[in-house]
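So the mapping is simple: our numbering equals the position in the sequence shown, first residue as 1, plus 371. Where a beta carbon is used, it is the ideal one built from N, C-alpha and C, also for glycine. The structure presented is a predicted model; accordingly, all values stated were derived computationally and were not measured. Heads up, the thing below is written out as structure tokens.
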Amino acid sequence: IAVVPLLILIPSFSESPERMATMMGLAMLKAVVVLSLVLFFGQRLMSRWFFIVARGKSAELFMLNVLLITLGLAWLTELAGLSLALGAFVAGILISETQYRHHVEEDIKPFRDVLMGLFFVTIGMMLDVQLVLANAPLVLGVLTALLAVKFALVLGLSRLFGSTFGGAMRTGLWLCAGGEFGFVLLSEMRHLQLLPPMVLQAVLAALVLSMLLAPLIVQYSNQIVLRFAASEWLMRSMQMTQLAAKTMNTEKHVVICGYGRTGQYLARFMEQENVAYLALDLDPERIREATAAGENVIYGDAARHETLAAAGVGRASVLIVSFADARVSERVLEHVRQINPELPIVVRTLDEKDLDALLKAGAAEVVPETLETSMVLASHALRHIGVPHAQVLEHFRQTRIGHYRSLRGFFHGESDLEEESHDSDEARLHSILLHEGAHAIGRTLDELALPALGVEVTAVRGRKVRTLEPSTDTRFDAGDVIVLLGTPGALAAAEERLLRG
């Protein structure tokens, strides 16, 4: 949001001294109007407008609507004496606040990648390497000033909002590099000739260098903080000491990573069975409440090697990851496997999307919430219609042994568009009807070699019978419906092979 008033104010600096005050006042008025539009009125109007467009269920109309809003707002801001960049930026903010933002992001991904590349190419074309090398001391000075000022500013603001010195210092290191909006502002100043070429080139080069240094600064930020922030080092040491003290005389205990709702329910089951446990969590308020009630929970980041070691993972009987963040779970698995390769690890996940990756990373069991919920619902329904309980339990046992293969994937519809935009490569089910003349007619599953394309045939429905998990010698006839499981790209390739060869 801060870039909006800056983009509005910059043109005022190109005016004569006599008119500058008037133009700056007018610019501030425009800034108030634009920010009011974005913060108070724009979101509601945009959400309603997108709802009207989405009701048409036309992908082409939806895409044209996004382009209309972006280009239209850019044109309107230029008519108002502001920049095209500001209009496009405001359009992006308004769209990002609607419930259709993920759908929009998916639609514009090809444009985004190309235009982002062009943006950085134009930045490179603006850079005069010879002028930068000739003024290397100035460039290094600007770079140092940029990193130092942004670091100090972010550190101060973080402290103001209650962060520890170590946390504020880490935040400052992560955010001290220049950003893409710096290039946008520089481009405006270059267009208005507000800076001498030498200064413009020095600032531009400093921004580029700061972005190149950003990954290194982030990578070594932890070591820097521990070196210069004594409180951070002491706090980390105290955490490890408390953890080690709690688990020093404990063996065969259960380590619960995450003490949210799921973690607390797990702890209650352990208490009922008189099983010793230790829970790790990062919410100070939750820990304060739980420890006051006598719960065995302590502050600690389960994704850190030293935390897991201090929690007695080497002596534990089992470790449970109770949160559903697959990426963090993989880091936990990696550290635990280094400390105690034989320890059974049970991991929670939302669905089957990350199941195979977590099993490969070393999890003994992966519990997908959506599949287990469906199984519990099915067990209640089957009990009410008279299916023997033992038969239901055996069916569920076989399903779990097979790592939920029979339950994986589902048919996606329009209501899933927003959810699936988070991961467009998520596997899903897709049905293909073999019409007369299709390439697959008369051929077997083995001859078509569909697994080589990354898909799995889960079922075949003939004219009178439906076969689940068909054998490789299954021969297809006209009118058969083949149900495939795979990612969108793999499904498209498989459909092409089945229908056209």
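When you compare each of Ala430, Ile466, Phe411, Leu378 to Trp420 by their alpha carbons, which one comes out closest?
-> Selected option, being the one with the closest Cα: Ile466.
Are there 16 or more other CB atoms within 10 angstroms of the CB of His755, so buried, or fewer, so exposed?
-> Burial call: exposed.
Taking buried to mean at least 16 other C-beta atoms within 10 Å of its own C-beta, is Ser365 buried or exposed?
-> No information on residue 365 is available, as it lies outside the stretch 372 to 872 that the chain covers here.
Can you give me the start and stop residues for the beta strand (DSSP E) that Tyr670 sits inside?
-> Taken as a continuous stretch (DSSP letters only), the beta strand (DSSP E) holding Tyr670 covers 668-670.
Starting from the C-beta of Leu578, find all residues in its chain whose C-beta is less than 6 Å away, skip the five residues before and the five after it, and write them out in chain order.
-> Answer for Leu578: Gly549, Gly553, listed in chain order.
C-alpha gap between Ile658 and Trp446, whole angstroms | Taking the straight line joining both Cα atoms gives about 53 Å.
When the Cα atoms are used, what is the spatial distance from Met395 to Thr469?
-> Near 32 Å, if we compare the C-alpha coordinates of Thr469 and Met395.
Are Tyr630 and Ala661 closer than 9 Å when you measure CB to CB?
-> Yes, Cβ-Cβ distance for Tyr630 and Ala661 is below 9 Å.
Selection from Ile440, Asp654, Asn667 that minimises the alpha carbon distance to Asn645 | It is Asn667 whose Cα lies nearest to the Cα of Asn645.
Measure from the alpha carbon of Ile691 to the alpha carbon of each residue in Gly733, Arg868, Leu778, then state which is nearest.
-> Closest by alpha carbon: Gly733.
Residues near Leu856 by beta carbon distance below 7 Å, same chain, minus five either side = The beta carbon of Leu856 is closer than 7 Å to those of Arg779, Gly780, Ala798, Leu800, Val826, Glu827, Thr829 in its chain, skipping five residues each way along the sequence.
Residues near Glu791 in its chain [Cβ-Cβ closer than 7 Å; skip 5 each side] = Because Glu791 sits at a pLDDT of 49, beneath the cut-off of 50, its placement in the model cannot be relied upon, and the point is left open.
Quick one: give me the first and last residue of the alpha helix (DSSP H) that Gly463 is part of.
-> Residues 455-467.
Three CB pairs or more closer than 8 Å across the segment 488-504 and the segment 522-533 = Verdict: no, contact absent.
Ordered along the chain, which non-local residues of its own chain (more than five positions away) have a Cβ less than 6 Å from that of Thr633?
-> Closer than 6 Å at the Cβ level, and outside the excluded window around Thr633, lie Ser693.
Relative to the alpha-carbon of Leu874, which residue among Arg541, Leu517, Gly671 has its alpha-carbon at the smallest distance?
-> No answer is possible for residue 874: the residues shown for the chain start at 372 and end at 872.
With a 10 Å radius around its C-beta and 16 neighbouring C-beta atoms as the bar for buried, classify Asp484 as buried or exposed.
-> Asp484 is exposed by the Cβ-count criterion.
Name the one or two DSSP bridge partners that Gly553 has.
-> In the DSSP output, where bridge partners are listed per residue, Gly553 has none listed.
Should Met487 be labelled buried (16 or more other beta-carbon atoms within 10 Å of its own) or exposed?
-> Exposed, by the Cβ-count rule.
Roughly how many angstroms lie between the CA atoms of Ser385 and Thr515, to the nearest whole one?
-> Roughly 28 Å separates the two Cα atoms.
So Asp652 is in the beta strand (DSSP E); what residue range does that whole segment cover?
-> Its beta strand (DSSP E) spans residues 648-652.
Considering Ala830, what are the terminal residues of the alpha helix (DSSP H) in which it resides?
-> Where Ala830 is concerned, there is no enclosing alpha helix (DSSP H), although the beta strand (DSSP E) it sits in stretches over 827-832.
Would you list the residues sitting across from Leu690 in a DSSP beta bridge?
-> According to DSSP, Leu690 shares a beta bridge with Val626, Ile716.
Alpha carbon of Thr621 to alpha carbon of Leu679, nearest angstrom | A straight line joining the alpha-carbon of Thr621 with that of Leu679 spans about 14 Å.
Which word fits Leu457, buried or exposed, when buried means at least 16 other C-beta atoms lie within 10 angstroms of its C-beta?
-> Classification for Leu457: buried.
Give the straight-line distance between the Cα atoms of Glu476 and Gly463, rounded to the nearest whole angstrom.
-> Computed Cα separation, rounded: 10 Å.
If we count Cβ pairs, one from each stretch, closer than 8 Å, do we get three or more for the segment 706-720 versus the segment 747-765?
-> Flag = no, the segment 706-720 and the segment 747-765 do not touch.
Give the DSSP-derived three-state secondary structure of Ile853 in the structure shown.
-> Ile853 sits in a strand when the DSSP states are folded into three classes.
For Leu444 versus Ala459, is the C-beta spacing smaller than 9 Å?
-> Going by C-beta atoms, Leu444 is nearer than 9 Å to Ala459.
Measure from the alpha carbon of Gly880 to the alpha carbon of each residue in Ala682, Thr720, Ala663, then state which is nearest.
-> There is no way to answer for residue 880, as the model of the chain reaches only from 372 to 872.
Which first and last residues belong to the alpha helix (DSSP H) in which His783 is found?
-> In this chain, His783 is not harboured by any alpha helix (DSSP H), its DSSP state being neither H nor E.
Three-way DSSP call (helix, strand, coil) for His774 in this model | Coil at His774, not helix or strand.
Could you tell me the boundaries of the alpha helix (DSSP H) in which Arg419 lies?
-> Element bounds for Arg419: 414-426.
Given that a residue counts as buried once 16 or more other Cβ atoms are within 10 Å of its Cβ, and exposed if not, what is Asp817?
-> Per the 10 Å Cβ criterion, exposed.
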